[in-house]
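>
Residue numbers (full-length UniProt numbering): 1 to 268.
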């Protein structure tokens with residue numbers, strides 16, 4: 001993943017009041033799981049400009065592709081902060097702007113971050129204030145929650161209750177959102193979010209030895225030396241994997257000890 005933060009700049013539409021209210025609320029209550037405001041200013045023409053920081057990391061859908069099928073604990077880790085934000089927003093403790101589904105990202109520490117944008121704002125340089133795929137902040141959060149839990153094994157006992165709670169919470173009812181939060185918390189203990197690096201990022205290919213010609217067929221001694229070197233460097237091939245020689249030696253010693261003990265016991 002990238003390690004640098006990506007800056008996103010937005011400018012307000014016809015009315016600045018909603019955007020300024022969003023900036024004031026976001027600056028007054030910094031939240032770990034919300035994209036922060038980096039700077040506020042005006043262009044030469046007097047238009048309000050708000051610069052936001054979008055943490056490095058993939059969108060939640062891309063992160064799930066890398067994770068694979070998330071466990072219940074990982075799903076709890078990813079969705080619990082999002083549901084908490086939705087509950088705070090419906091109670092008025094947090095002011096959320098519109099966002100798309102891919103505006104929920106997973107940063108390098110494995111934390112989810114909602115990168116919403118100021119209300120009534122559009123990208124700087126865009127003549128229109130309308131963007132496709134935008135949803136109200138709470139709706140974007142619930143969509144991300146649904147995306148995560150849809151990837152969890154359907155056989156998990158908590159799935160039916162979680163799915164029903166998500167559907168009920170889409171109405172925006174505060175009690176339904178609180179019920180969803182309790183359902184997520186009761187599903188299981190949170191677990192760290194980890195994923196394997198993209199395929200090919202750390203792949204290594206073994207060097208192919210040239211085929212021996214008539215003039216260099218080698219000898220049995222060379223073959224034995226090569227085999228011994230291979231065993232010392234890589235280990236002993238067991239079941240498709242290489243086991244270090246030390247572990248093999250320990251296993252042999254333990255096995256011999258067990259056999260000797262058994263013989264001594266049976267010989268009494």
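Think of the CB as a built atom: it goes at the ideal place given N, C-alpha and C, for glycine as much as any other residue.
1) Determine whether the beta carbon atoms of residue 114 and residue 85 lie at a separation below 8 Å.
2) For residue 184, which of 258, 103, 89, 81 has the nearest alpha-carbon?
3) Do you know offhand how far residue 12's Cα is from residue 88's?
4) Going by the CB atoms, is the gap between residue 135 and residue 99 shorter than 8 Å?
5) Which stretch, first to last residue, makes up the alpha helix (DSSP H) that contains residue 81?
6) So what's residue 156 in DSSP terms, helix, strand or just coil?
7) How is the beta strand (DSSP E) around residue 51 delimited, first residue to last?
8) Quick one, which of 52, 31, 38 has its alpha-carbon nearest residue 123's?
9) In angstroms with no decimal places, state the Cα-to-Cα distance between residue 267 and residue 255.
10) With H, G and I counted as helix, E and B as strand and the rest as coil, what does DSSP make of residue 35?
11) Counting C-beta neighbours from all protein chains within 10 Å, is the total for residue 69 16 or more, i.e. buried, or is it exposed?
12) As a quick exercise: from 26, 43, 73, pick the residue whose alpha carbon is nearest that of residue 151.
Straight from the coordinates:
1) Contact flag set, yes.
2) Across the set 258, 103, 89, 81, the C-alpha of 81 shows the shortest separation from the C-alpha of residue 184.
3) Between residue 12 and residue 88, the C-alpha separation is close to 25 Å.
4) Contact check for residue 99 against residue 135 passes: the beta carbons are separated by less than 8 Å.
5) Segment 72-90, the alpha helix (DSSP H) holding residue 81.
6) Under the three-state reduction of DSSP output, residue 156 falls in the coil class, being neither helix nor strand.
7) Annotation for residue 51: the continuous beta strand (DSSP E) segment containing it runs 48-54.
8) Comparing alpha carbon positions, the residue from 52, 31, 38 closest to residue 123 is 52.
9) Roughly 18 Å between the two C-alpha positions.
10) Residue 35 carries a coil assignment under DSSP once its states are collapsed to helix, strand and coil.
11) By the C-beta density criterion, residue 69 is exposed, having fewer than 16 other C-beta atoms within 10 angstroms.
12) When only C-alpha atoms are compared, the closest one is 73.
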